[in-house]
Structures are given as structure tokens and as C-alpha cells.
């Protein structure tokens with residue numbers, strides 16, 4: 369028997385890409401589970417990315433849950449539709465079960481969540497302390513709202529909220545990630561999270577809703593302990609640091625690099641991180657290379673300095689370019705991410721982003737659509753122009769790339785002076801044109817390429833499978849058919865493509 373069921377909903381936006389996107393562990397669910405387990409709460413995890421959670425599956429799961437039964441569902445805006453459906457399934461099987469929503473979407477849209485008849489509580493913000501107290505009270509049979517923090521519920525048809533949490537989570541009180549609860553045959557367990565938060569406030573990022581702008585990091589000793597487990601117990605050869613801002617504390621990075629070498633980890637594994645152009649320099653890169661950090665991901669986002677200011681990146685385009693060039697000189701594999709569709713953006717801005725990605729020689733690149741997620745400054749900036757499908761079904765930053773041929777869902781936001789067709793088409797074409805370069809295409813399929821931005825993966829074993837070859841062919845057909853459709857139907861897409869092939 370277990371005390372609680374935790375569910376990670378399915379992201380419906382991946383389409384044919386789903387099979388080839390590296391299956392990542394639901395980290396938020398895992399962190400909460402590890403903390404609850406440390407405090408005596410046993411948890412059953414259900415990941416909808418792996419399981420078809422219908423009424424029969426939910427009935428089986430609830431049989432093993434002690435009464436009163438509690439089901440926690442961690443929801444982002446991109447999988448909100450799946451989250452609401454899961455809550456409906458839970459209540460259809462056991463109307464007495466208590467359903468608790470947490471995560472970014474529950475934090476920024478609590479009224480909406482509580483209006484759903486199948487949701488009993490929302491937990492806002494970082495949930496370790498607050499969810500633990502709520503679980504204890506539900507299990508005891510007595511709810512004392514004066515002792516609850518950051519919790520919402522319905523009272524006489526109106527949403528009611530307790531006071532906000534009085535303190536943020538001490539990340540050193542959160543135990544090591546519970547890797548043992550996830551099957552290494554089904555997940556890539558080569559990751560570690562060593563900090564929370566980011567001091568910056570980009571207009572498109574919703575993470576600050578949960579972590580605020582306070583940057584907190586786990587002690588170096590704890591990090592080394594976790595790396596030891598990953599490398600010597602789980603035998604992970606490539607490890608990605610999932611920190612939003614790994615290089616935010618340079619002294620700590622130098623210390624970690626030294627400790628990694630002292631323990632000999634650099635001889636057994638390689639490491640990848642996400643960084644910023646203004647927070648890394650030659651001295652730091654040299655130390656990281658010595659510790660076998662071989663992959664860096666830069667969120668460049670745009671090739672326009674004016675757009676850099678608009679999106680509040682707090683760094684310059686030139687800083688990114690200089691750091692990427694230096695990283696390449698020092699032997700790093702480099703990935704860059706770009707976002708199309710910001711307010712005031714022009715055709716030339718989008719084309720210059722593709723041009724920049726090819727010119728500076730990054731190994732991998734992603735071009736996504738700007739998505740005004742609730743809780744972001746961008747959401748408030750363009751609120752009146754947002755196109756929202758029921759239950760946020762079209763809110764995905766990868767939607768422009770992963771949509772099927774016949775999917776006519778609108779992008780959530782299209783800037784003035786551009787059409788839905790042109791924006792969607794240029795995003796797809798930018799990704800396609802970048803990987804028409806044979807070297808870049810090889811990098812996409814290279815299993816040794818690690819990093820927090822890796823978004824496409826096919827193993828050598830899978831490549832020898834007929835079903836995988838068929839699925840890859842179907843995916844390629846979908847992408848090329850959509851690309852041709854955009855080129856034929858839209859003058860802007862035609863211009864983008866024919867300029868792009870000459871780069």
C-alpha cells in the first residue's frame with residue numbers, strides 16, 4: 369500500500385516526434401516524491417508519457433492507495449488538457465478520492481483550476497513543505513486552514529486561498545533525486561539538478577512563477593554525492609545539469625570542476641550544461657573542459673539586439689556570439705535555441721536568426737514559437753491578441769514544428785505584420801534548413817552529444833529496427849510535406865526558403 373498517487377500528464381503536442389524526443393523523467397514529480405518519501409509518505413508515480421491511464425489503470429492504482437485516497441497531478445499549461453482529463457478519470461472511478469493540482473499552471477491559474485468540479489485543492493508555488501502539510505491533514509481527517517500555506521479550495525462556490533508560504537524551500541533539505549523510482553530501461557537517467565531559480569526575468573519564461581528570482585544552489589558535497597551515484601551505481605556516461613543557470617556562481621563551478629577531477633568522474637562521464645553568453649568566460653571554460661564538460665547550450669533566442677532588450681534577456685547578442693565562438697574554439701559541442709514570434713519582430717529578424725545559427729557554427733539548433741504562457745510578462749503584454757483553444761490545447765512552444773499536416777490549431781500568438789502561415793512556416797523551415805547541412809544532421813543523430821537542449825534521439829539499436837525506419841520515414845514525409853505546402857502557399861515562406869538555401 370502507498371499513501372499517495374502522483375501523476376505526470378501527457379503532453380499532446382509532440383505528434384510523430386514523440387518517439388524520437390528523449391524521454392525525460394518528470395523532474396517536478398520526482399523532487400516532490402523524494403521529499404515526501406523522506407518524511408514518511410509513500411508514493412506511487414504514474415507517468416502518462418509511458419502509461420495509458422484510462423479508468424481501468426486508475427482503478428488498479430487506487431486499489432493500492434490507502435484511505436483517504438489522494439491523487440496529486442502536476443500540471444503545466446502545455447499539458448493542462450491532459451491534467452483535467454486525468455482528474456475526471458480519477459473522480460469517475462472514486463468520487464471520494466481527493467484530487468490536488470500543483471505545478472506552474474495551478475500556481476498562475478488557480479481560479480480556473482478550482483472551477484473544475486474534479487479538483488479539490490491547488491497547491492501554489494514550490495510544494496515540498498506545503499503539500500506535505502496538506503497530505504498530513506487530509507490523512508488525519510481534519511483540515512486546519514490556519515496551518516496550511518499556499519493552498520486553495522472551493523468554499524460555497526468561491527475559491528478561497530490560505531496565506532502564501534512564509535519561506536522558500538531550502539534545497540539542501542530536499543534529498544537526492546529518487547532515481548530508483550524510475551526504470552533506467554525506459555528513461556534517460558543521465559541528469560542532475562543542482563540549483564533552483566534564476567536572477568533574470570525574461571518575458572517568455574514561466575519558471576520564475578515557481579522559483580521566483582532567488583538563485584539557490586545545493587552544496588558541492590551533495591552534488592558530488594549524487595554524481596557518484598549516477599556514475600558509479602547507475603553507470604551513466606553522459607550527464608546533463610538541468611539547472612536554469614549553472615554558471616551563475618563561478619566560484620562554485622570552479623569548485624565542482626576540481627572535485628569532479630579529484631574523484632575521477634571526468635574519466636568516466638561527460639557533462640553538459642545550459643549557460644548564458646554573459647556568465648561564462650575563457651577561464652571558466654578551461655576548467656570545465658578539464659573536468660570533461662563537453663556540451664553547452666545557449667539560449668540566444670534572437671539575432672536582434674532590439675529584441676534582446678524587448679524580451680528582457682539582460683545580456684547582448686554580441687556576448688552570446690563571442691561566448692559561442694570561444695566555446696567552439698575550446699572544443700565544446702554547442703547548441704543554440706531561438707524563438708520566433710515576439711512582438712515587433714520582422715521577417716528580417718527571423719531570417720537573421722537562421723543566418724546567425726549557420727554562420728557561428730553551432731552543432732545543434734532549435735527554432736520554436738514564442739508562447740505567451742500564463743504567468744509570464746509576455747502573457748500580460750499581448751493578452752488581448754492571444755488565441756486560446758479550449759483547455760490551452762494549442763499552448764506549446766514546439767507546436768509550429770511538431771504539428772501534423774491537417775492540424776489547423778492556431779499558434780497562441782502571432783505578431784502584427786505577420787500571418788499564422790508565415791510564422792509557422794518560417795519556424796519549420798528554419799529547423800529544416802539548419803539540418804539540411806550534412807554536418808548538423810550528423811550532430812542531431814550523434815548519441816554522444818549531450819546537453820540540456822538535446823531534443824531528438826535515435827539509438828544505433830533503434831536505427832536497425834524496421835519499425836523505427838518506417839516511423840522516421842513517416843516523420844520526414846510529414847515535415848517535408850508541410851514545408852512544401854508553406855513554400856507553395858505563402859510568399860514569405862518562399863522568400864525565407866530560397867534565401868535560406870543560399871546560406
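In the working numbering, the protein residues as written are 369 to 871. Ideal Cβ positions, reconstructed from N, Cα and C, are used throughout, including at glycine.
Beta bridge counterpart(s) of residue i as assigned by DSSP
{"i": "residue 470", "result": "442"}
{"i": "residue 599", "result": "Answer is none; residue 599 lacks a bridge partner."}
{"i": "residue 519", "result": "491"}
{"i": "residue 510", "result": "Residue 510 pairs with nothing; no bridge assigned."}
{"i": "residue 433", "result": "370"}
{"i": "residue 639", "result": "607 and 661"}
{"i": "residue 737", "result": "708"}
{"i": "residue 801", "result": "Paired residue(s): none; residue 801 is not in a bridge."}
{"i": "residue 414", "result": "375"}
{"i": "residue 718", "result": "Answer is none; residue 718 lacks a bridge partner."}
For residue i, the three-state DSSP class (helix, strand or coil)
{"i": "residue 495", "result": "coil"}
{"i": "residue 592", "result": "helix"}
{"i": "residue 362", "result": "In the structure as shown, the chain starts at 369 and stops at 871, and residue 362 therefore has no counterpart that could be examined."}
{"i": "residue 690", "result": "helix"}
{"i": "residue 779", "result": "coil"}
{"i": "residue 529", "result": "strand"}
{"i": "residue 746", "result": "helix"}
{"i": "residue 705", "result": "strand"}
{"i": "residue 819", "result": "Low per-residue confidence applies at residue 819: pLDDT is 49, beneath 50, and the placement is therefore not dependable enough to give any value."}
{"i": "residue 679", "result": "coil"}
{"i": "residue 406", "result": "helix"}
{"i": "residue 587", "result": "coil"}
{"i": "residue 838", "result": "helix"}
{"i": "residue 698", "result": "coil"}
{"i": "residue 732", "result": "strand"}
{"i": "residue 449", "result": "helix"}
{"i": "residue 391", "result": "coil"}
{"i": "residue 787", "result": "coil"}
{"i": "residue 767", "result": "helix"}
{"i": "residue 857", "result": "helix"}
{"i": "residue 773", "result": "coil"}
{"i": "residue 632", "result": "coil"}
{"i": "residue 870", "result": "coil"}
{"i": "residue 811", "result": "helix"}
{"i": "residue 762", "result": "coil"}
{"i": "residue 482", "result": "helix"}
{"i": "residue 872", "result": "Outside the displayed range of the chain (369 to 871) lies residue 872, so it cannot be described from this structure."}
{"i": "residue 524", "result": "coil"}
Residue j beta carbon less than 9 Å from that of residue i
{"i": "residue 755", "j": "residue 781", "result": "yes"}
{"i": "residue 424", "j": "residue 458", "result": "no"}
{"i": "residue 639", "j": "residue 617", "result": "no"}
{"i": "residue 664", "j": "residue 641", "result": "yes"}
{"i": "residue 669", "j": "residue 572", "result": "yes"}
{"i": "residue 850", "j": "residue 776", "result": "no"}
{"i": "residue 783", "j": "residue 709", "result": "yes"}
{"i": "residue 863", "j": "residue 715", "result": "yes"}
{"i": "residue 735", "j": "residue 798", "result": "yes"}
{"i": "residue 479", "j": "residue 521", "result": "no"}
{"i": "residue 660", "j": "residue 633", "result": "yes"}
{"i": "residue 373", "j": "residue 463", "result": "no"}
{"i": "residue 375", "j": "residue 409", "result": "no"}
{"i": "residue 790", "j": "residue 858", "result": "yes"}
{"i": "residue 592", "j": "residue 628", "result": "yes"}
{"i": "residue 451", "j": "residue 473", "result": "yes"}
{"i": "residue 724", "j": "residue 801", "result": "no"}
{"i": "residue 597", "j": "residue 644", "result": "no"}
{"i": "residue 745", "j": "residue 514", "result": "no"}
{"i": "residue 759", "j": "residue 448", "result": "yes"}
Residue i CB to nearest heavy atom of the ligand ADP below 8 Å
{"i": "residue 737", "result": "As presented, the structure is devoid of all ligands, the ligand ADP included, so that no description of it is given."}
CB contact below 9 Å: residue i versus chain C
{"i": "residue 681", "result": "Structure shown: chain C not included; a single protein chain is present."}
The region 539 to 547 touching the region 577 to 586, judged by at least three CB pairs closer than 8 Å
yes
So does the region 735 to 743 actually touch the region 686 to 698, counting three or more Cβ pairs closer than 8 Å?
no
Where in the region 534 to 581 do unbroken runs of the beta strand (DSSP E), each at least 3 residues long, occur, reported from the N-terminal end onward?
none
Do the region 434 to 443 and the region 459 to 473 make contact, defined as three or more Cβ pairs closer than 8 Å?
yes
Does the structure place the region 561 to 578 close enough to the region 606 to 624 that three or more beta carbon pairs sit under 8 Å?
yes
May I ask you to verify whether the region 598 to 606 touches the region 497 to 507, counting CB pairs closer than 8 Å and requiring at least 3?
no
So within the region 643 to 674, which uninterrupted alpha helix (DSSP H) runs reach at least 4 residues, ignoring any that extend past its ends?
650 to 658
Under 8 Å: do the region 544 to 551 and the region 395 to 411 share three or more Cβ pairs, one atom per stretch?
yes
Kindly confirm or deny that the region 416 to 436 and the region 719 to 730 touch, where touching means at least three C-beta pairs closer than 8 Å.
no
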